[in-house]
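Have a look at the structure below, then the notes.
2 protein chains.
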Amino acid sequence: MARDWMHWNNNATVDLPIDRMMIGQVRTRSSDSYVPDSASTATAYSCGIKVYNGAIGIDDDVEPCGTVLEAAKAQGYKTGLVATSRITHATPASYVAHVYDRDLESNIALQEIGVGHPLGSVVDVIMGGGRCFFTPQNTTGSCRDDDIDALELARQRGYTVFGDRATFEEDVKLPYLGLFTQDHMSYDIDRDPAVEPSLTEMALKGINDLYKATKKSKKGFFIMVEASRIDHAGHANDATGHLHDILEYNRAMDAMREWIDEHDDSETVLISTADHECGGLTLGYELDGAPDYWFAPEHFASSHGSSGKYATLWKNYKSNDTSDATQYLKKSIYAPYGIMDPSEEEITQGLALQSSTSNFGRFLALAFSKRLKVHWATGGHTGVDVTLYGHGLNHEKLAGQRDNTEIAHFAAEQLGLDLEPITEKLRADREFVEKLVKKQPGDAARLKGRDLTHHHH
Amino acid sequence: MARDWMHWNNNATVDLPIDRMMIGQVRTRSSDSYVPDSASTATAYSCGIKVYNGAIGIDDDVEPCGTVLEAAKAQGYKTGLVATSRITHATPASYVAHVYDRDLESNIALQEIGVGHPLGSVVDVIMGGGRCFFTPQNTTGSCRDDDIDALELARQRGYTVFGDRATFEEDVKLPYLGLFTQDHMSYDIDRDPAVEPSLTEMALKGINDLYKATKKSKKGFFIMVEASRIDHAGHANDATGHLHDILEYNRAMDAMREWIDEHDDSETVLISTADHECGGLTLGYELDGAPDYWFAPEHFASSHGSSGKYATLWKNYKSNDTSDATQYLKKSIYAPYGIMDPSEEEITQGLALQSSTSNFGRFLALAFSKRLKVHWATGGHTGVDVTLYGHGLNHEKLAGQRDNTEIAHFAAEQLGLDLEPITEKLRADREFVEKLVKKQPGDAARLKGRDLTHHHH
Ligand SMILES: [Zn+2]
Ligand SMILES: [Zn+2]
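These protein sequence lines map, in sequence, to chains A and B.
Each residue of the first sequence is one higher than the last, beginning at 6 in the working numbering.
Each residue of the second sequence is one higher than the last, beginning at 6 in the working numbering.
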C-alpha cells in the first residue's frame, strides 16, 4: 500500500527504502496459537523461545529468560530501547522485563529502569511514550496503581530524565530516560514536531549516543527500535494512520542504513521485521460478490490525520443544531479525513455514533478504506508471515524463511552473546521470580476492566 | 495456512519444502491497475514488460513481444509448458501466444501449436487441461466457435497427441501435446490418479524428457510449470481445494529441487513465484467486531474434497422429500467437506441454494472457512506482494524485492537470450499482427456472455 502510494504520488515506479533491504520472511506463531500477540513474538525476538500470547520475557513455565539486551549489557555493550508506543508496551518490555502478563505495566516500568531487576539497570538509552506508568497514582494523568515515583527512582539510579523537545536536542548524559507523552506517542501524521521527536530522530539520537559512548570500547551497542503504532493503526483499520507510520518507518530504516554505510568501522548490522501482521490489509475490494481489481491510492492525498484524531474532534464538538452538526461533520471531519462525498447513510451514521470515539473511529476508517479499495480482515492480528529486512555486517546470513526465534539467535551470535548465564542469574533470584514475574494474589483485581483487545496488541 | 496445517498434522514444527527455497518477494502491479490479472503478470514474466490486465504476450500498443520461451527455442533450446488449468489459460498462453484479450482461447490454442504463429511450433512439451479448445465445434464438449480440428493440425506439425494415463507413462516422442481433461484439470484433492497425472508427475516427465532430448546439445531447456488451480480455489474461497493444491505445488517444488541436486551437470536454475495473490486469505477471524487470535487447521482433517465437487454433487441430488434432502445435505455434503455441526440456518440456506453451484459452493466454502477461522477478503485478486523461491545455478542473483518484469530479464540473462530479435520478427509479420493479435470485427459477439470474473483469473 505504501509503495503504491509512492508510485502514485511520484508518478513513477519508485521503491520503498525498505525494498532495497528485503532479505526474507518470518513466521510468527506463538506456543499457544497460530495467531500471535506482541508479547509472545517480542519474547521470541529477545529470548529466542516460543511462549504463550501475553507473556513478557519468560518461558511457558513462567520462569524468566535472559534476553539479548540483558546479555549484551552483561558482556560490556551499551544498550537502548526506542518505541513510539508506551515504553512499557509488550515489545520494548520483552527485552528487559519479565512478567506473566503484559498488562502489568506498572511492574514493567520499574523493571525497565532496574528496580527489583536481578541485573539492576541494563538499559542506557530509553525513549518513547508512556510517562503515565512512571508517575505516582493521584498525580495528573498517572496510570499507576501505587504511590511509587518511578521517575525519581530512575534519577536515583543515575538516569537523566526528560520529556521535552529542547532537552532531546541537547547532548544528554547516559543513561537517560526520555518520555515524551503520557500514553503512546502520536501517529506520525498527527504529531506536533515541536513537542514530540519523530521515530527517525529518536533512532538516530539513540544510535549516535550509543556509538559515541562505546567508541573507545572493544564492545559496541545493541538497540531495539520499534515503529510501534503501525500496529495500532492496523487495529483501528485506519489506512491513513497506517500509511504515514509506515512511511516514517521507511525514513527511519533509510537513515539507519545510511548511518551504517557512513560508519564502516562500527561493524553494525541492522535487522528489521514485524512481530506479526495486524489488520489483514489487502488491496482490492469486493462489494456484493463483485471483486474490483482496483486500488485507489489517490484518496490519501486528501487525508490529513488519523481516524482517531477526527473521532476525538467529533466527540468534542458541541451543538444542539442538527444542521450545524451535519455541516461540521462534513467540513471538519469527513473532508479532512479524505471523504469528500459522504452518502446520506454515512451522515446519519456519523451523527448517531458521535459519542463513541471507537465506534465512530472505525466507521470513519472503514468508509475511507472502501474508497481506497483497501480491505481489512480484522481489528486484530493475523497469522500470516511478515517480511524480513537486513543491512550491514553479515545480514545475508539471516536471509530466507525464518522462525521468529531465529532472530534472537542471530543477534546473540553476531554479538557473541551467551543467554544461558543470564537466564540462570534471573532464575536464581527467587524473590524476584515469585514476587514480580509470577501471578500475585491482587492481580486479578488489578487487571480487571482492562480492555481485552488491548491485551492482544 | 499450509505450513500450519503441516505443523498440526505432524505435531511438529516442520517446514514446507518451499520454505527452504524462499529468496524474495515480487510486486505484481500491471500497467493499468495496482491489482493485476494473470495475463498481465504472465506477460511480465514471459516478455519482461508491463501491460494492461487481460493482455497476452503483447505491449500496451497491442504489438506482440518476444517471450523467453520463444527466444529459447530460436536459440536452440528445447521448451515446455505444463499447467493444471486449460493450457490455453492466461499463464501458459502468455509464453507463446500473442492476443489482445485472454478470453480468445480458440485463437490461443492454434498459436500454441504454431498455427499462424510467425515462428511456427515453438513448444516441444505441452501438458495440461483444456482439450475443449482443440476440438471442432459441434463435437462433444468442444469450446471452439469454428470447425477447426486443432488436434489434427498439431499432428500435422509433428506433435504426438495424447490424453490418457497409459500413454503418459510411456516414452512419448517429442514434440508432444498431452491434454488430460476437456476443461481445467481437477483440484488435486478431487483428482482420479487413474485418469489425470499430478502436477509433480507432469513436471518431472516434462523435465526428464527435455533433459534427455538436449543431453547431446550445448543448449539445454526452458520449461514453465504452473500450479494453476491454487488461484481457482482462491476465487472460490475454498480453503480445502486451496490447501491441497498448495501441498501438491510443494511436492512438485521439492521434486524439482531434488532433480536439480541430482543433475549437477545440467546447470539448471529453478525460479518459482505466483503471478499475483488471490482471495486475500488471512488466518484469524473477526466476528461481530471481536477479533479471535486463533486458526484451527484441525478441521482440514475432516475435509475430503473441493467445495466445487460437493456443490455439483448437491445440485445433482434429486428428492422431493425435505427430510431426505436434509439428511443427504448433512451426511453427504456438509460432513465430508468438514462441517460436522451445521446450524439450522446453514441447513435452510443449503436447501435454498441447491440449484446454483456457484452460490452454494461459496456459501459452503465460507461456512467451513469460518470454522477454520480463515478470512477471505475477496473472490478476486489482491495487489499484495507474492513470495519468490529459487534453487540451483545463480538463483541467489535474483534474491530480494523484485518487480515482476525482472523475472523475465533474469531468465533471459541465465539462458543468454535476446528477446529483441524475436519481438522484431513477430511484429514484421503484419498479417499475423492484424488478424490474430489485434481486435477483430467479430470479437465483440465472440466474447459476449463470457463471465467477467472469469476474465480476471
Ligand atoms: Zn497489535
Ligand atoms: Zn485468478
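Ideal Cβ placement from N, Cα and C applies to all residues, glycine included.
TODO: Look at the alpha carbon of methionine 493 of chain B and the alpha carbon of glutamine 406 of chain A, and state the distance between them as a whole number of angstroms.
DONE: This structure gives no information on residue 493 of chain B, because the portion of chain B shown stretches from 6 to 462.
Open item on the list: Determine, for glutamate 117 of chain B, whether the minimum Cβ-Cβ distance to residues of chain A falls below 7 Å.
Closed with: Taking a beta-carbon distance threshold of 7 Å, glutamate 117 of chain B does not count as an interface residue toward chain A.
Task: Assigned secondary structure, aspartate 24 of chain B (DSSP; H/G/I helix, E/B strand, else coil) - done: Residue state, collapsed to three classes: helix.
TODO: Check whether the stretch 351 to 363 of chain B touches the stretch 440 to 453 of chain A, counting contact only when three or more Cβ pairs, one atom from each stretch, lie closer than 8 Å.
DONE: no
Open item on the list: In this structure, how does DSSP classify glutamine 153 of chain B when only helix, strand and coil are distinguished?
Closed with: At residue 153 of chain B the sequence reads isoleucine, which differs from the glutamine that was named. Coil.
TODO: Measure the CB-CB distance between alanine 114 of chain A and alanine 155 of chain A and report whether it falls below 7 Å.
DONE: yes
- [ ] Mind reading off the beta-carbon distance from valine 130 of chain B to glycine 85 of chain B? Whole number of angstroms is fine, and I expect it under 8 Å.
- [x] 3 Å
- [ ] Provide the residue span of the beta strand (DSSP E) that contains aspartate 472 of chain B, from first to last.
- [x] Residue 472 of chain B lies beyond the residue range present for chain B, which begins at 6 and ends at 462; the question has no answer from this structure.
TODO: Return yes when the Cβ of leucine 182 of chain B is within less than 7 Å of the Cβ of alanine 208 of chain B, no when it is not.
DONE: No. Outside cutoff.
Task: Within 9 Å of chain A by C-beta, residues of the stretch 242 to 261 of chain B in sequence order - done: none
TODO: Could you tell me whether the Cβ of tyrosine 39 of chain B comes closer than 7 Å to any Cβ of chain A?
DONE: yes
Task: C-beta neighbour in chain B for phenylalanine 138 of chain A, strict 7 Å - done: no
Task: Proximity winner among A/Val389, A/Arg196, A/Gly397 and A/Ile118, relative to aspartate 269 of chain A (alpha-carbon distances) - done: A/Gly397
- [ ] Pull up the distance between the alpha-carbon of threonine 458 of chain B and that of alanine 60 of chain B, whole angstroms please.
- [x] Residue placement at threonine 458 of chain B cannot be trusted, given a pLDDT of 43 that sits under 50; what the coordinates show is reported in the next sentence. Using only the alpha carbons, I get a separation of about 15 Å.
Task: threonine 458 of chain A, DSSP secondary structure in three states - done: Residue placement at threonine 458 of chain A is flagged as unreliable, the pLDDT there being 43, under the threshold of 50; the coordinate-derived value follows with that caveat. Of the three classes helix, strand and coil, the one that applies to threonine 458 of chain A here is helix, per DSSP.
Open item on the list: I'd like to know whether the C-beta of valine 379 of chain A is nearer than 7 Å to at least one C-beta of chain B.
Closed with: no
- [ ] Could you please give the first and the last residue of the uninterrupted beta strand (DSSP E) stretch that includes valine 40 of chain A?
- [x] Premise fails: valine 40 of chain A is in no beta strand (DSSP E) and is neither H nor E.
Task: Cα-Cα separation, isoleucine 412 of chain B to aspartate 266 of chain B - done: C-alpha separation (whole angstroms): 22 Å.
Task: Listed by chain order, chain B residues near alanine 159 of chain A by CB distance under 9 Å - done: None at all; the shortest Cβ gap to chain B is about 34 Å.
- [ ] Rounded to whole angstroms, what's the CA-CA distance from valine 442 of chain B to threonine 327 of chain B? Just pull it up for me.
- [x] 53 Å
Open item on the list: How far does the beta strand (DSSP E) with lysine 223 of chain A in it extend, from its first residue to its last?
Closed with: From DSSP, lysine 223 of chain A is part of no beta strand (DSSP E); its letter is neither H nor E.
TODO: For chain B, find out if any of its Cβ atoms is closer than 7 Å to the Cβ of tryptophan 10 of chain A; answer yes or no.
DONE: In terms of beta-carbon proximity, tryptophan 10 of chain A stays away from the interface with chain B, with every pair separated by 7 Å or more.
Open item on the list: I need the boundaries of the alpha helix (DSSP H) containing valine 73 of chain A, first residue and last residue.
Closed with: Residues 73 to 79.
- [ ] Would you identify the three-state DSSP class for serine 337 of chain B, choosing helix, strand or coil?
- [x] helix
TODO: Please check if any C-beta of chain B sits within less than 7 Å of the C-beta of asparagine 15 of chain A.
DONE: No, asparagine 15 of chain A does not count as interfacial toward chain B.
- [ ] Go ahead and label arginine 435 of chain A buried or exposed: buried means 16 or more other beta carbons lie within 10 angstroms of its beta carbon, across all protein chains shown.
- [x] exposed
Open item on the list: Since isoleucine 54 of chain B and leucine 393 of chain B should fall inside the 8 Å C-beta cutoff, what is the C-beta to C-beta distance between them, to a whole number of angstroms?
Closed with: At roughly 19 Å, the Cβ-Cβ gap does not stay under 8 Å, so isoleucine 54 of chain B and leucine 393 of chain B are not in contact.
Task: C-beta neighbour in chain B for valine 389 of chain A, strict 7 Å - done: yes
TODO: With DSSP collapsed to three states, give me the class of glycine 395 of chain A.
DONE: strand
- [ ] Confirm, please, whether the CB-CB distance from proline 123 of chain B to leucine 431 of chain B is below 7 Å.
- [x] Less than 7 Å divides the Cβ of leucine 431 of chain B from the Cβ of proline 123 of chain B.
TODO: Would you list the one or two residues that DSSP bridges to arginine 407 of chain A?
DONE: A/Val31
- [ ] In angstroms with no decimal places, state the Cα-to-Cα distance between glycine 5 of chain A and alanine 382 of chain A.
- [x] Here chain A covers residues 6 to 462 and nothing more, so residue 5 of chain A does not appear.
Task: Cβ pair threonine 428 of chain A, glycine 71 of chain A closer than 7 Å - done: Contact flag set, yes.
Task: Selection of the stretch 172 to 183 of chain B by Cβ proximity to chain A, strictly under 8 Å - done: none
- [ ] Return the residue from the list B/Lys375, B/Gln354, B/Asp408 and B/Tyr82 that minimises the CA-CA distance to lysine 217 of chain B.
- [x] B/Tyr82
TODO: Using a threshold of 7 Å, state whether the C-beta atoms of serine 374 of chain B and alanine 241 of chain B are closer than that.
DONE: At the C-beta level, serine 374 of chain B and alanine 241 of chain B stay beyond 7 Å of one another.
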